[in-house]
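Engineer: Structure below; questions to follow.
Residue numbers (our numbering): 313 to 466.
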């Protein structure tokens, strides 16, 4: 985990994490990145590999170029009001994301899981007014894009 640039604003902190280029680009494209500058936010940031597993190139391109509302909804499934440590989230057992979804948080040994599939792979990175936890899966259902395309394996 990279924690040496704590205190940076969220947009800058995300650029320090080379495995979050897709998440950072999606936040920027959706307009959400500029909204993350306020205090008190937790990001469950899917790694680039998580996006590759979830989306075909065509589906992802459509979300990034034409379906910004669906992209924003998808990204809000990874944002939680308040700055929460991984331990605090696991102890609570459930949290609500900014898209309104109740998300279960379970811990088994050293593994903390969000929902049914997303495990924390790096936790408790501090940014200004935010805490970032990297996860290995994209949360939420696969959005149907404007052209009707869905997921296909790469």
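We treat Cβ as the ideally placed atom computed from N, Cα and C, and that holds for glycine. Please read all numbers here as calculations on a predicted model, not as lab measurements.
Quick one: using the 10 Å Cβ neighbour count with 16 as the cut-off for buried, is residue 330 buried or exposed?
Structural biologist: The residue in question, residue 330, is exposed, as its Cβ has fewer than 16 Cβ neighbours within 10 Å.
Engineer: Is it the case that the stretch 426-445 contacts the stretch 343-362, given that we only count it when at least three CB pairs across the two stretches are under 8 Å?
Structural biologist: Yes, the stretch 343-362 is in contact with the stretch 426-445.
Engineer: Any chance you could list the beta strand (DSSP E) runs of at least 3 consecutive residues sitting entirely within the stretch 353-399, in chain order?
Structural biologist: Runs of the beta strand (DSSP E) inside the stretch 353-399: 353-358 and 391-393.
Engineer: Have a look at 402, 415, 441 and 411 and flag the residue whose alpha-carbon is nearest the alpha-carbon of residue 422.
Structural biologist: The option with the nearest alpha carbon to residue 422 is 402.
Engineer: Fully enclosed by the stretch 409-452, which beta strand (DSSP E) runs are 3 residues long or longer?
Structural biologist: Qualifying beta strand (DSSP E) stretches, in chain order: 414-420, 423-426, 430-439 and 442-447.
Engineer: Please state if the CB of residue 395 and the CB of residue 435 are separated by a distance shorter than 8 Å.
Structural biologist: For residue 435 and residue 395, no; Cβs fall outside 8 Å.
Engineer: For residue 379, count neighbouring Cβ atoms within 10 angstroms of its own Cβ and tell me buried if that reaches 16, exposed if not.
Structural biologist: So residue 379 ends up on the buried side.
Engineer: So, for residue 384: in the same chain, excluding its five sequence neighbours on each side, which residues have a beta-carbon less than 8 Å away from its beta-carbon?
Structural biologist: Cβ within range, chain order: 342, 343 and 344.
Engineer: Could you give the C-beta distance for residue 409 and residue 389, rounded to a whole number, given that I count them as a contact under 8 Å?
Structural biologist: Their Cβ separation, rounded to whole angstroms, is 5 Å, which keeps residue 409 and residue 389 in contact under 8 Å.
Engineer: Count the other CB atoms, across all protein chains shown, that sit within 10 Å of the CB of residue 414; report buried if there are 16 or more and exposed otherwise.
Structural biologist: By the neighbour-count rule (16 or more Cβ atoms within 10 Å), residue 414 is not buried but exposed.
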